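If you're matching them up, the sequences are chains V and R in order.
Take the first sequence: its letter number 96 is residue 100 in my numbering, and every next letter is one higher.
Take the second sequence: its letter number 142 is residue 144 in my numbering, and every next letter is one higher.
Quick notes on the structure that follows.
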Amino acid sequence: MASRLSEMKGMIGDYLPGLPRSAPRFVTEDGTRVFGVIATFSTTPAVVHAAELVRDAGYRKWDLNSPFPIHDIENSMGFRKTQLPYHVFGAAMFGVLLAAALQWFTNHFDYQTGEGFGYIVQGKPTSAWEAYVPIMFELGVLHAAFAALFGMLMLNGLPRWNHPLFSSESFLRTSDDRFVIGIEANDPSFDPEATKRLLEEAGAETVELIEEDA
Amino acid sequence: MTHVHVHEEHGGPRIESGYSGVVTPPPPAADHGEGPVMTDAAYQKYLDKLAAHPLLRDDNVRLAEGAGKGIGAVLMGVGLIGLALTVLLAFVFNTTHALAAYEVGVFTVLACCLGALFLVMLLNMLNAYWTATIRRQLENIASLVWVPWLLLLPVAVIEVVSGGVLLRWMGDEYAGNVLLEHKAAFLNWFGFLVRYAIYGVIWIVLANGVLGVIPGVCSLSREQDITGDRWLTRRARRMSGFGLLLFALSVPLASFDFLMSMDFRFFSTMWGVYIFAGAVMSAIALTAIVLSVLRTFGRLTGVVTAEHYHDLGKLMFAFTVFWAYVAFSQYFLIWYGNIPEETNYFLHRTTGDWQPLATIIVIGHFIVPFFLLITRKTKRNTLGLGLMGAFLLVMQILDLVFIIRPMVYVEPGVEGPGYVGWALDAVGVIGVLALFGGALIAKIASGPLIPLRDPRLAKALKHKNYV
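Spelled out as structure tokens, the structure:
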């Protein structure tokens, strides 16, 4: 339980600046945290083939960068379904319940005990559920929209000022004439030697270790 | 041919001297407004490719000769027996009750047909390519709109001849009523009959056309199966534009005439939208049932896939929610406004004997389908979406029961219907539905199960949801 809690704290620290980060899985000799390895490829078939090998090796935290969209790459990379809809659904239900509770307590429950608003419109009882529905709908939609937008950003690790990959010259060539597969060090299957070997066997032209700044 | 002279600009010559290239004028821009973007020869190639497509072989996109004849005959028989029993019970038990039971069935069927007609026209207007493989089933349902229209004929005749059975404003009972006199310009038997005829003309012409003069949207699609003429698609689209306007006027007015005017004092500006939302939802539900049955019997394999089901399910979900939104909006304003003429409608239905049905409709018509249809699994599953369709069709019947049946015993002190009454409701509804089911099976078996030469078919076969 305690370890799970510190793990979650670390995840929040990885996302929000100024908080203690999670313990690094791998460090270089001078102590900087390893972000992962990247491998460059110069043809589309090579990178698609390599993506299939990386997918089949069971990696989950990795990405492929390309100067242009590659058709059907989501299958070669084994994209999993996003968990975002569940967050949105949960947030919407929370909004609905929040609105119902908010109105019932302030307009009906507190009013019974001598406080609260007790708005009586058209002679309707203060506990009439019909009057609560528009607010329940609106707060449900509002929470769903917030969860969709901000949940998407958080799951993508956004917003952020910089990215460790930007320090690599060969990564920057993905906007020109190279394809890059990058595997992150916090992937459970990541191993500096084995991952490097896998990428080399998959036909990588160069394999490079990426460190995080400071 | 023009020789190009290169002028030196401020930055110096951009083309080396000695260049003596010749440019030809660019080809005229493709005229997407009027002329064909694709030549006839290229389109013929497309049709040949479709004809040789392995998924579009005959045993996949056509029913076998005589398929469904047996079950169709059984349904027709059940329908006729049900209608005979309804007529019998009308004489020995209660005419008003029998007419109400019959109307519940007829309006369920009419809702399916009108919803399907709307969807066919809408999908034509939107040029929605993914629907090419499911559109034929919507067309089959829509082209049968003459069946419920004809079934309404006895209702209209009985109402007018007997001076108001369910439409009590037709009789002398309320003569001199201020509210009725105020609405007499609309609510009079002659106008009622004229409008009933006009609705029939609009719906049947839009769906089936006038023989040899105007083709309807459904007959255009069937004609295309034979001729392969791609311009029929465009004609259907042009017709759908005007058709949607006429549809938007005729359906709410018809719902005012037959349903809302059962209590002539009652009025709701949401009524037309409410009926329309339920109609489109039941059309999608019936289409899902038809497609699921066809797929269970090994037809449309690879033609109507989980991808098409997913999108059909999204539409089903959308119209379930839309119906709930409209139904609540109508209820909410009437509840808050608290005007006697309006509130009476809901007061009668949400208190006393009808209260349980109101609860069942709120749960069954919205809450249960909302949570079941929100997941991908139900929408992409053949059996799942078929069962949801059947469930929602039952809910549409209950919704019409909720609208029509409370108007039977309105006099104070009259006993409830009892078991004979429930049996009468059952035979009336099942009779009409079985009759329509028989007609629908015959219609489905009478041609290909998809528009075989639709210009959008090749794209529809590759349809995919990327999320």
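Glycine residues also receive a C-beta, built at the ideal position from the N, C-alpha and C atoms.
On a predicted model such as this, the values are computed, not experimentally measured, just so you know.
Of all alpha-carbon atoms in G79/R, G386/R, R458/R and C115/R, the one lying nearest the alpha-carbon of A279/R is that of C115/R.
At least one C-beta of chain R is nearer than 8 Å to the C-beta of E134/V. With contacts defined as CB atoms closer than 8 Å, L119/R and L454/R fail to qualify as a contacting pair.
M283/R is positioned such that its CB atom lies closer than 8 Å to that of L394/R.
Under the 8 Å criterion on CB atoms, Q126/V is classed as interfacial with respect to chain R. For the pair A61/V and R201/V, the Cα-to-Cα distance works out to about 12 Å. Within chain R, no residue has its beta carbon less than 9 Å from that of V52/V; the closest one is some 18 Å off.
The Cβ-Cβ distance between L52/R and L335/R does not fall below 8 Å. By the criterion of a C-beta distance shorter than 6 Å, S26/V is surrounded in its chain by G14 and D18, once the five residues flanking it on both sides are discounted. Sorting I277/R, W151/R and P254/R by C-alpha distance to the C-alpha of F404/R places I277/R at the top.
Among the bridge pairs identified by DSSP, F258/R is matched with none.
Among the residues of the region 136-148 of chain V, those with a Cβ less than 7 Å away from any Cβ of chain R are V137, in the order of the chain. Taking the Cα positions, D427/R is about 22 Å away from F348/R.
Against chain V, the CB of Y338/R has a partner CB under 8 Å away; the residue lies at that interface. Only residues of its own chain outside the window of five on either side were considered, and among them V92 have a CB closer than 6 Å to the CB of A152/V, listed in chain order. Under the three-state reduction of DSSP output, R458/R falls in the coil class, being neither helix nor strand. The Cβ of F330/R sits closer than 8 Å to at least one Cβ of chain V.
Note on geometry: alpha-carbon atoms of D61/R and R301/R lie some 7 Å from one another.
A straight-line Cα-Cα distance of about 13 Å links P371/R and G388/R. Contact fails between the region 300-314 of chain R and the region 102-116 of chain R, because fewer than three Cβ pairs, one in each stretch, are under 8 Å apart. Put simply, of T88/R, Q226/R, L435/R and D265/R the residue whose alpha carbon is nearest the alpha carbon of N179/R is D265/R.
For a Cβ distance threshold of 8 Å, residue set E134, V137 and P138 of chain V lies close to F334/R, ordered along the chain. If you check the CB distance, R138/R and I452/R come in under 8 Å.
Setting aside the 5 residues that flank it on each side, E11/V is surrounded in the same chain by S26, each with a C-beta closer than 8 Å to its C-beta; the list follows chain order. Scanning F269/R, L296/R, A75/R and G79/R for the CA closest to the CA of L181/R turns up F269/R. Annotated three-state conformation of R37/V is strand, per DSSP.
The three-state secondary structure of I452/R, taken from DSSP, is coil.
In the DSSP assignment, N142/R falls within the alpha helix (DSSP H) that extends over R137 to A144.
One thing to note: I286/R has its Cβ within 8 Å of the Cβ of F321/R.
Under DSSP, I185/V forms a beta bridge with A43/V and L68/V. Where L57/V is concerned, the enclosing alpha helix (DSSP H) starts and stops at T48 to D60. For N69/V, the closest C-alpha among the options V31/V, V52/V, L57/V and F183/V is that of F183/V.
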